[in-house]
Amino acid sequence: MRILGLDYGDRKIGVAVSDAFGWTAQGLEVIVRTSEEKVLKRLETIVKDHEVEAIVLGLPKNMNGTVGPRGEISMTFAETLRQSLGLPVHLWDERLSTVSAERTLLEADVSRKKRRQVVDKMAATIILQTYLDYQSRR
7 MRILGLDYGD RKIGVAVSDA FGWTAQGLEV IVRTSEEKVL KRLETIVKDH
57 EVEAIVLGLP KNMNGTVGPR GEISMTFAET LRQSLGLPVH LWDERLSTVS
107 AERTLLEADV SRKKRRQVVD KMAATIILQT YLDYQSRR
C-alpha cells in the first residue's frame, strides 16, 4: 500500500511517496501553490500515477502540543483532500520536520539556493518516514 506524505506550507507543498511495502519514504516533488484547483489536480495525478491509498499530512503543532492557526489551516486542507480525492488522510505531528530537513541539508553542504528548492520535499519525506516507522512498530 503506497502512502503519500505532504508538507503543507504557505507557498509550497512538499510531496513524498512510500515504497509499495510502506517501509521507506522518497521525496517526489514540490508543488508551488498557485490555486487550490491546480494543487488538487496535481495531487490527483500523483495519487493515480503512484497508486496511492492513503495520505499523511503534516500537522504543525506548537511546541506545547497545541494546534494553532497553521494547524487549523492544515486540518481544513485535510478535509478538502478527503472530499476531493476520496482517500483517508492522517494528520501527523510535523514539529521540527523542516528544521530537521534544513539541518540535514546544511550538514550535507548543500547550497542555499538548492536547499530552498528541496527543503519542502525533504520535510515531506521526514513526515512520511516518521509515520511509516511508527506504523511498523505498532
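Adding 6 to a residue's 1-based position in the sequence shown gives its number in our numbering. By construction, the Cβ of each residue, glycine as well, lies at the ideal position given by its N, Cα and C atoms. Since the structure is predicted, the reported quantities are computational estimates derived from the model, not experimental observations.
Apart from the 5 residues on each side of it in sequence, K127 sits with its Cβ closer than 6 Å to the Cβ of G20, G33, V36 in its chain, given in chain order.
Just measuring C-alpha positions, the residue of Y140, F27, E85 sitting nearest V58 is F27.
Residue pairing from DSSP places G64 in a beta bridge opposite W98.
A buried status is given to Y14, since no fewer than 16 other beta-carbon atoms sit within 10 Å of its beta-carbon.
If you look at A84, you'll find it in the alpha helix (DSSP H) that goes 75-91.
In the same chain as Y137, and ignoring 5 residues on each side of it, the C-beta atoms closer than 6 Å to its own belong to V62, W98, in chain order.
According to the DSSP assignment, R17 belongs to no alpha helix (DSSP H), since it is labelled neither H nor E. Linking R101 to L12 through their CA atoms gives a straight-line distance of about 14 Å.
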